[in-house]
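Below is one structure; the comments refer to it alone.
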């Protein structure tokens with residue numbers, strides 16, 4: 163799915179999709195376990211916050227998007243998806259992370275980002 167197709171989903175749905183993507187198929191979770199997938203996706207995202215900041219916040223493309231308004235966040239998500247796809251590789255995971263970051267806003271997400279080494 164594309165950024166635009168995922169954009170209308172709630173954050174909880176995106177976290178559940180992220181959790182399902184990270185856990186992969188065949189791990190014993192049924193469709194009834196969406197709450198577990200959501201919780202896993204949300205916890206993974208929180209635990210990877212610093213690592214994601216280092217991939218995103220100091221990148222020149224992301225720097226150009228700092229301070230964009232809420233109406234520009236869909237466009238931010240497209241740009242972030244391309245950036246993340248390069249470092250993450252998996253297009254679905256990159257898309258989900260890009261949307262979650264864009265919804266928060268880059269300025270908020272990158273607040274207190276570790277300095278570049």
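Residue numbers (my numbering): 163 to 279.
Glycine is no exception: its CB is placed at the ideal position from the N, C-alpha and C atoms.
Computed from a predicted structure; not experimentally measured.
Look at residue i and residue j and say whether their C-beta atoms are less than 7 angstroms apart.
i           : j           : result
residue 177 : residue 215 : no
residue 237 : residue 169 : no
residue 239 : residue 261 : yes
residue 258 : residue 185 : no
residue 318 : residue 199 : With the chain covering only 163 through 279, there is no way to say anything about residue 318.
residue 273 : residue 245 : no
residue 165 : residue 247 : no
residue 183 : residue 255 : yes
residue 264 : residue 219 : no
Between which two residues does the alpha helix (DSSP H) harbouring residue i extend?
i           : result
residue 211 : 211-218
residue 171 : Element bounds for residue 171: n/a, residue is neither H nor E.
residue 269 : 268-271
residue 238 : 235-250
residue 226 : 222-227
Within the chosen definition, does the segment 221-229 reach the segment 254-269 through at least 3 CB pairs nearer than 8 angstroms?
yes
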